[in-house]
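Trainee: Next up is a structure, given as structure tokens.
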Amino acid sequence: MADSDEREEELTTLSAIYPELVPSSEDFYGATLEIPVSPSQPLLVRFVPSKAAGDISLNKRGKTSIKAAAYIERDVELSHLPPLTLHMSLPEGYPQSKPPQVQLEAQEDWLPSDKLKELEKQAEALWEDFGRCQTLFSYIDYLQQAAESGFDLAFSTDGCLVLPMAVEKALVTYDAETKGALFDAGTYECGICIEPKKGTSCYRLSRCGHVFCKSCLQEFYNSAIKEGDVANVKCLSPDCGKKGTTANGKILRQTTTSRAIHPRELLAMGLEDKMVRRFVEMKRKKKLEADKQTVYCPRTWCQGAAKSPKYPPIPADLATYPDDESDDESTGKDSAPPQPSKQPADAPPIDPEDRIAVCEKCNFAFCRVCYRGWHGQFARCYPRDPNELSAEEKASYDYILSNTSPCPTCSSPTQKTYGCNHMICFNCRTHYCYLCGSWLDGRDPYQHFNQPGRECYQRLFELEEGENGQAPGDGRGFAGARRWEQMAIEVAREADAREAAEAAQAAEDEQAARALEAEERAEADGPENELAEAVAQVQINDNPIPEAAQQRPNAHARRRNPFPAHPRAGGAAAAVRYHERQAGNARGGRRPAVNNDERRQAELQRFLDMAERDEEEGWNSDELDEDEDFRIR
Amino acid sequence: MAANKRIMKELAEINNNPLQGCTIKLAKEDDLNNWDVTMDGPPESPYAGGKFNIQIVLPKEYPFKPPVLTFKTKIYHPNVTNDDKGAMCLGMLRADEWKPPNKIVDVLKLVRAVLAAPQPDDAVEAGIANEFKTDRKAFDKTAQDWVKKYAK
Numbered sequence: 001m002a003d004s005d006e007r008e009e010e011l012t013t014l015s016a017i018y019p020e021l022v023p024s025s026e027d028f029y030g031a032t033l034e035i036p037v038s039p040s041q042p043l044l045v046r047f048v049p050s051k052a053a054g055d056i057s058l059n060k061r062g063k064t065s066i067k068a069a070a071y072i073e074r075d076v077e078l079s080h081l082p083p084l085t086l087h088m089s090l091p092e093g094y095p096q097s098k099p100p101q102v103q104l105e106a107q108e109d110w111l112p113s114d115k116l117k118e119l120e121k122q123a124e125a126l127w128e129d130f131g132r133c134q135t136l137f138s139y140i141d142y143l144q145q146a147a148e149s150g151f152d153l154a155f156s157t158d159g160c161l162v163l164p165m166a167v168e169k170a171l172v173t174y175d176a177e178t179k180g181a182l183f184d185a186g187t188y189e190c191g192i193c194i195e196p197k198k199g200t201s202c203y204r205l206s207r208c209g210h211v212f213c214k215s216c217l218q219e220f221y222n223s224a225i226k227e228g229d230v231a232n233v234k235c236l237s238p239d240c241g242k243k244g245t246t247a248n249g250k251i252l253r254q255t256t257t258s259r260a261i262h263p264r265e266l267l268a269m270g271l272e273d274k275m276v277r278r279f280v281e282m283k284r285k286k287k288l289e290a291d292k293q294t295v296y297c298p299r300t301w302c303q304g305a306a307k308s309p310k311y312p313p314i315p316a317d318l319a320t321y322p323d324d325e326s327d328d329e330s331t332g333k334d335s336a337p338p339q340p341s342k343q344p345a346d347a348p349p350i351d352p353e354d355r356i357a358v359c360e361k362c363n364f365a366f367c368r369v370c371y372r373g374w375h376g377q378f379a380r381c382y383p384r385d386p387n388e389l390s391a392e393e394k395a396s397y398d399y400i401l402s403n404t405s406p407c408p409t410c411s412s413p414t415q416k417t418y419g420c421n422h423m424i425c426f427n428c429r430t431h432y433c434y435l436c437g438s439w440l441d442g443r444d445p446y447q448h449f450n451q452p453g454r455e456c457y458q459r460l461f462e463l464e465e466g467e468n469g470q471a472p473g474d475g476r477g478f479a480g481a482r483r484w485e486q487m488a489i490e491v492a493r494e495a496d497a498r499e500a501a502e503a504a505q506a507a508e509d510e511q512a513a514r515a516l517e518a519e520e521r522a523e524a525d526g527p528e529n530e531l532a533e534a535v536a537q538v539q540i541n542d543n544p545i546p547e548a549a550q551q552r553p554n555a556h557a558r559r560r561n562p563f564p565a566h567p568r569a570g571g572a573a574a575a576v577r578y579h580e581r582q583a584g585n586a587r588g589g590r591r592p593a594v595n596n597d598e599r600r601q602a603e604l605q606r607f608l609d610m611a612e613r614d615e616e617e618g619w620n621s622d623e624l625d626e627d628e629d630f631r632i633r
Numbered sequence: 634m635a636a637n638k639r640i641m642k643e644l645a646e647i648n649n650n651p652l653q654g655c656t657i658k659l660a661k662e663d664d665l666n667n668w669d670v671t672m673d674g675p676p677e678s679p680y681a682g683g684k685f686n687i688q689i690v691l692p693k694e695y696p697f698k699p700p701v702l703t704f705k706t707k708i709y710h711p712n713v714t715n716d717d718k719g720a721m722c723l724g725m726l727r728a729d730e731w732k733p734p735n736k737i738v739d740v741l742k743l744v745r746a747v748l749a750a751p752q753p754d755d756a757v758e759a760g761i762a763n764e765f766k767t768d769r770k771a772f773d774k775t776a777q778d779w780v781k782k783y784a785k
């Protein structure tokens, strides 16, 4: 048999076995074959800046374009690597006297050249071993097996293949593309609609590997997001995340696994951008709310959270949303639960520089300790619970208390500007009496004003022109807000309890306060009578706003007022009590038990002036919105 | 529509491959969302010999929402409410634990397992659960009595 026949025969056989074999155009006895590299165990590859990969002989393409400023290693597991190209040529005299000539080449130059050399040499060795006969098939088989085991690259000294970063992108892309192509070519049974679906209409969750069809996933996640059920946006498989196993049975590091789904994946499943955004926003909001460290903007109309590096704003491109480990309620790896700091969670940060907070919604800069507009780091400020009544809020309470009437059904405060005293609530359409707050029968509301003997008999048009209108001289006038009074007392009681606790803490402030306290005691010598009276008169038109305003700068003054509350006055705690008393003092002592009409009028006037000034000056301090005064926390 | 298709598939699957001790049919021919199940009490349990009628209502959102399961036959069991509803709410049947890939077959398997081995720590009837834990004999007896009375 002639040589040529034997060579030709071998190539013909090979091309029958490997239809992808490409005969060489120049060499009649030459051919090229691509050998896919998909190791059975994914190959661990470490990408390092080119400089560090110095010992690895970089081939022509290993250009050192990367400035190895920061040495960042990245380990990636790759299941598919670019194929090897095997160029074979059978020389004259093969197989009897000459070995086959082979040349190996790795696309993207990912295989170290010494490894390639080693593999090439194997062709001759095999040819010798087989007793100098046709060996190409065995050689290809050998290469395939070597590829299957990842060319034993994982057994090198590093335990992984070290490559320059320059090739990372190409390799990772190749891996992903190959995986994607394989996935798309497959058929899967969707566990939800129980139907076999083509890979192209399915989606594999990246973290756990479970596969469902896109339309089922869309339907489920869309409805979960619509209903606000953010916690349910995770893998749908019943056994996912249960025993810390993934679909392929691999044990993950954590006992319970991450099942949260990245917004990028939701987009890949075909969810609308709008939906995904809603999802991300809700999730972020939940986290913010769960974090005790979060401070909120003191502007009552805003109340946005302060900017925090822990919860970066949502990027415009959702695909770049950071991979957040804290998404996984169970991994508990990093920031998910606020780290137990040395201070209790709600203690203010000590460093004055850290006190500044900026609202992410309205950009208002404020102090996270005293909740006032940012005062610079050198100002001394005192903790204030945002729920505590500020002077503005107290003024607001007082205003509401004495100038509005609440709806008996929904408590919406109403202020009459003109008209009769038969009111219909703007909010719930309840009919009621502006003077006494009674519920009225909508079918005959005027009966209330028409029946002799009733409190409001013939008073339908009292205060017709609003507060400035004529009040009757008998002191029965407008009683205002009953429910608000209750609420104010409630809030004040809470504030009182907090203050008592605070006072215990602030022992160091005590000394400075003591002198003042003595002074005040002398002043408020007989507080009991007065307090009792004050409480009894909460309904009465009282006008303490100017005092409240004076009181602003001494928030700490309230703290040195932790007397155990008087049994009766106990309810009307510090916030209300204190400024009641102040009001009394300012008026030069006790107030007559019966309202005197003139003074009432004067007070009303003062009140309105105050309110007006309010709007103009914006209450001078916290840059609060004008609406502020009418709002209650 | 997709849901109907799935229910039909499930029904076909369960008819071709019936679950031991269960007969399943639709309560009404034209209503796929209403299943009528008759389950034999598992042998070796106090419910042995009983035939329990269970109604399964598949919500409109099925399989995204769990099926609702009720015992039409009165049963003395810590995990089934002892009223005219006979409701059962356990494990995968809970709204927050339900996963769409779960099937009715799985639900029925669970029911059978719970009949064979009540879960007193997850009970809806605390009294029965307590008896089950402390006085097993009395529990077994009442359960058997009820089987005779209601489940024959």
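Sequences listed follow chains G and Z, in order. Going by my numbering, the first residue of the first sequence is number 1, and it counts up by one from there. Going by my numbering, the first residue of the second sequence is number 634, and it counts up by one from there. Glycine included, every Cβ here is placed at the ideal spot set by N, Cα and C. This structure is a prediction, so every number in the text was calculated from the model and none was measured.
For residue 462 of chain G, which of helix, strand or coil comes out of DSSP?
Mentor: coil
Trainee: In the DSSP output, which residue or residues are listed as bridge partners for residue 422 of chain G?
Mentor: Beta-bridge pairing links residue 422 of chain G to G/433.
Trainee: Could you please give the first and the last residue of the uninterrupted alpha helix (DSSP H) stretch that includes residue 762 of chain Z?
Mentor: 759-767
Trainee: Could you check the C-alpha separation between residue 123 of chain G and residue 31 of chain G for me, to the nearest Å?
Mentor: If I take the Cα positions, the gap works out to 15 Å.
Trainee: Pull out every residue of the segment 407-439 of chain G whose Cβ sits closer than 9 Å to any Cβ of chain Z, in chain order.
Mentor: none
Trainee: Closer than 8 Å, Cβ to any Cβ of chain Z: which residues of the segment 179-194 of chain G, in chain order?
Mentor: Residues of the segment 179-194 of chain G whose Cβ lies closer than 8 Å to any Cβ of chain Z, in chain order: 191, 192, 193, 194.
Trainee: If residue 713 of chain Z sits next to residue 726 of chain Z, beta carbons under 8 Å apart, how far is it from one beta carbon to the other, in whole angstroms?
Mentor: Contact doesn't hold; Cβ gap of about 12 Å is too wide.
Trainee: Distance, Cα to Cα, residue 700 of chain Z vs residue 207 of chain G?
Mentor: 29 Å
Trainee: Using a 10 Å radius around the Cβ and a threshold of 16 neighbouring Cβ atoms, would you call residue 398 of chain G buried or exposed?
Mentor: buried
Trainee: With a threshold of 8 Å between beta carbons, is residue 725 of chain Z in contact with chain G?
Mentor: yes
Trainee: Restricting to Cα atoms, I'd like to know which of Z/652, Z/648, Z/693, Z/676 is closest to residue 667 of chain Z.
Mentor: Z/693
Trainee: Over the uninterrupted alpha helix (DSSP H) stretch that includes residue 280 of chain G, give me the two end residues.
Mentor: 273-290
Trainee: With residue 128 of chain G as the anchor, note down where its alpha helix (DSSP H) starts and where it stops.
Mentor: From DSSP, the alpha helix (DSSP H) with residue 128 of chain G extends over 113-129.
Trainee: Check each residue of the segment 694-707 of chain Z: if its Cβ is closer than 8 Å to any Cβ of chain G, include it; give the result in chain order.
Mentor: From the segment 694-707 of chain Z, only 694, 696, 697 have a Cβ closer than 8 Å to chain G.
Trainee: DSSP three-state call for residue 405 of chain G: helix, strand or coil?
Mentor: strand
Trainee: Closest Cβ-Cβ distance between residue 238 of chain G and chain Z: below 8 Å?
Mentor: Closer than 8 Å: yes.
Trainee: Tell me the rounded alpha-carbon separation between residue 753 of chain Z and residue 678 of chain Z.
Mentor: 15 Å
Trainee: Should residue 400 of chain G be labelled buried (16 or more other beta-carbon atoms within 10 Å of its own) or exposed?
Mentor: Counting other Cβ atoms within 10 Å of its Cβ, residue 400 of chain G reaches 16 or more and is therefore classed as buried.
Trainee: Relative to the alpha-carbon of residue 686 of chain Z, which residue among Z/660, Z/664, Z/665, Z/650 has its alpha-carbon at the smallest distance?
Mentor: Here the closest residue by C-alpha is Z/660.
Trainee: Check each candidate in G/356, G/380, G/232, G/503 and name the one with the smallest Cα separation from residue 730 of chain Z.
Mentor: G/232
Trainee: Between the alpha carbons of residue 215 of chain G and residue 201 of chain G, how many angstroms are there, rounded?
Mentor: Taking the straight line from one Cα to the other gives about 8 Å.
Trainee: So which of G/281, G/422, G/196, G/441 has the shortest CA-CA distance to residue 315 of chain G?
Mentor: G/281
Trainee: Report the neighbours of residue 279 of chain G on chain Z: residues whose CB is nearer than 9 Å to its CB, in chain order.
Mentor: Residues of chain Z passing the Cβ test: none, with the nearest at roughly 16 Å.
Trainee: Could you please tell me which residues of the segment 733-766 of chain Z, in chain order, have their CB closer than 9 Å to any CB of chain G?
Mentor: 733, 734, 735, 736, 739
Trainee: Beta carbon of residue 434 of chain G, beta carbon of residue 416 of chain G: below 8 Å?
Mentor: yes
Trainee: Could you tell me how far apart the beta carbons of residue 298 of chain G and residue 366 of chain G are, in whole angstroms, since I believe they sit closer than 8 Å?
Mentor: 6 Å
Trainee: Kindly list, in the order they appear in chain G, the residues whose Cβ is closer than 7 Å to that of residue 639 of chain Z.
Mentor: 193, 194
Trainee: Using a Cβ cut-off of 8 Å (strictly closer), state whether residue 562 of chain G contacts chain Z.
Mentor: At residue 562 of chain G, the pLDDT of 36 sits below 50, so the modelled position is not reliable; the number obtained from the coordinates is stated separately. With 8 Å as the cut-off, residue 562 of chain G does not count as an interface residue toward chain Z.
Trainee: Might you give, ordered along the chain, the residues of its own chain that have their beta carbon closer than 6 Å to the beta carbon of residue 40 of chain G, omitting 5 neighbours on each side?
Mentor: 148, listed in sequence order.
Trainee: Can you pull the DSSP bridge partners for residue 667 of chain Z?
Mentor: When DSSP reads this structure, residue 667 of chain Z sits in a beta bridge with Z/690.
Trainee: Listing by chain order, which chain Z residues have their CB less than 9 Å from the CB of residue 79 of chain G?
Mentor: The contacting residues do not exist; residue 79 of chain G stays about 26 Å from chain Z at best.
Trainee: Per DSSP, residue 354 of chain G forms a beta bridge with which residues?
Mentor: Beta bridge pairing from DSSP links residue 354 of chain G with no other residue.
Trainee: Please name the residue or residues paired with residue 439 of chain G in a DSSP beta bridge.
Mentor: G/432
Trainee: Could you list which residues in chain B have their beta carbon closer than 7 Å to that of residue 642 of chain Z, in chain order?
Mentor: Of the protein chains in the structure, G and Z, none is chain B.
Trainee: Could you tell me the boundaries of the alpha helix (DSSP H) in which residue 740 of chain Z lies?
Mentor: Boundaries of the alpha helix (DSSP H) around residue 740 of chain Z: 737-749.
Trainee: With a cut-off of 8 Å on the beta carbons, I'd call residue 153 of chain G and residue 143 of chain G a contact; round off their distance for me.
Mentor: Their Cβ separation, rounded to whole angstroms, is 14 Å, which puts residue 153 of chain G and residue 143 of chain G out of contact at 8 Å.
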